[in-house]
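Working notes for the structure below.
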């Protein structure tokens, strides 16, 4: 299928839920298990399978720094918090890198306390904000994400399907040439009974169309550039454009092969999107209720107006 002039459109890949970016907290990362290494060996037969690893004690001491223990739980936390920094390292080196970083952080932090940096007002403000942000994340995770049910996700999917107006999609072919005169000559041949697919293979400048008769497959409204989109959807099945259609890519002769009602995406294909929609709604409902019970005063009138405008848009 040609992508030469097809618009990039993520909306065409699933339900157009119209979600704004959640950006709720660092804890809202996708719940995706890490991929296995590409060169991972095939699983051994059941009879030769290695015994399951013993569960790791989170309180097991991994290292001691100036008499203070650093536990397995501390190391796991460090690995998670610093995962982006270690992303380029081989998997077998990440644990050692995380421990090295954790030790470095511990000794530098101890020295900062010794020199009184922890008493600095700017540092204390930053620490207070980081604590509040972490608690915000915990509230999102425990008070919103963990409470989303499968029934709510399915209900949101059903709601979106019910609210989405029916849309037709079309199956079309095209012949793309550089000049209007070339396109007119092709239309003249078609008027004389020439085969569209054969002409496409011979004349189109769209590389992918030279071997499939200019076939573009099925597409919905807005997936093509506007001029092409308008012409294709205006055709009757089996007809071709009587006049060349100009776009930024050249001149097109378009033939409509078929029309059909576009089928909604399967639930499993957009389940994650539906879940994010439920999370978003629950989050803003919680924020709204908490804000309603909070006494917030903003002395600067212009700043207050700007904040109120943002809040009303949520």
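Numbering (our numbering), first residue to last: 3 to 316.
We put the beta carbon where it would ideally sit given N, CA and C, even for glycine.
Query	Result
Residue 1 (DSSP reduced to helix, strand or coil)	Residue 1 falls outside the range modelled here, since the chain spans only 3 to 316, and no answer is possible.
Beta-bridge partners of residue 174, as assigned by DSSP	258
Cβ pair residue 188, residue 244 closer than 8 Å	no
Simplified DSSP assignment, three categories, for residue 71	strand
Coarse secondary structure for residue 248, derived from DSSP in three states	strand
Selection from 116, 162, 168 and 253 that minimises the alpha carbon distance to residue 181	253
Contacting residues, own chain, Cβ-Cβ under 6 Å from residue 49 (five flanking each side not counted)	Legend: pLDDT at residue 49 = 45, less than 50; position of this residue unreliable, value from coordinates given subsequently. Once the five neighbours on either side are set aside, residue 49 has no close Cβ partner at all.
Residues sharing a beta bridge with residue 63, DSSP	73
Which residues DSSP lists as bridging residue 242, in chain order	257
Which residues DSSP lists as bridging residue 221, in chain order	172
DSSP three-state assignment for residue 150, whether helix, strand or coil	coil
Assigned secondary structure, residue 179 (DSSP; H/G/I helix, E/B strand, else coil)	strand
Residue-level contact to chain D via CB, residue 130, 8 Å cutoff	The structure shown contains no chain D, having only a single protein chain.
Euclidean distance between Cα positions of residue 316 and residue 143	20 Å
Nearest neighbour of residue 86, chosen from 100, 306, 228 and 293 [CA to CA]	100
Residue 77, buried or exposed, once every other Cβ within 10 Å from all chains shown has been counted against 16	buried
Whole-Å CB distance - residue 273 paired with residue 155, under 8 Å assumed	6 Å
Residue from 161, 261, 125 and 98 whose Cα sits closest to the Cα of residue 237	261
Exposure of residue 301, with buried meaning 16 or more beta-carbon neighbours within 10 Å	exposed
Residue 281 to residue 153 span [Cα, whole Å]	13 Å
Backbone CA spacing between residue 115 and residue 97 [nearest angstrom]	27 Å
Same chain only: Cβ atoms within 8 Å of residue 239, ignoring 5 sequence neighbours per side	258, 259, 260 and 261
Coil, strand or helix - residue 37 by DSSP	Note on residue 37: pLDDT 38, under 50, position unreliable in the model; no value is reported.
CB-CB length for residue 256 against residue 233, believed under 8 Å	6 Å
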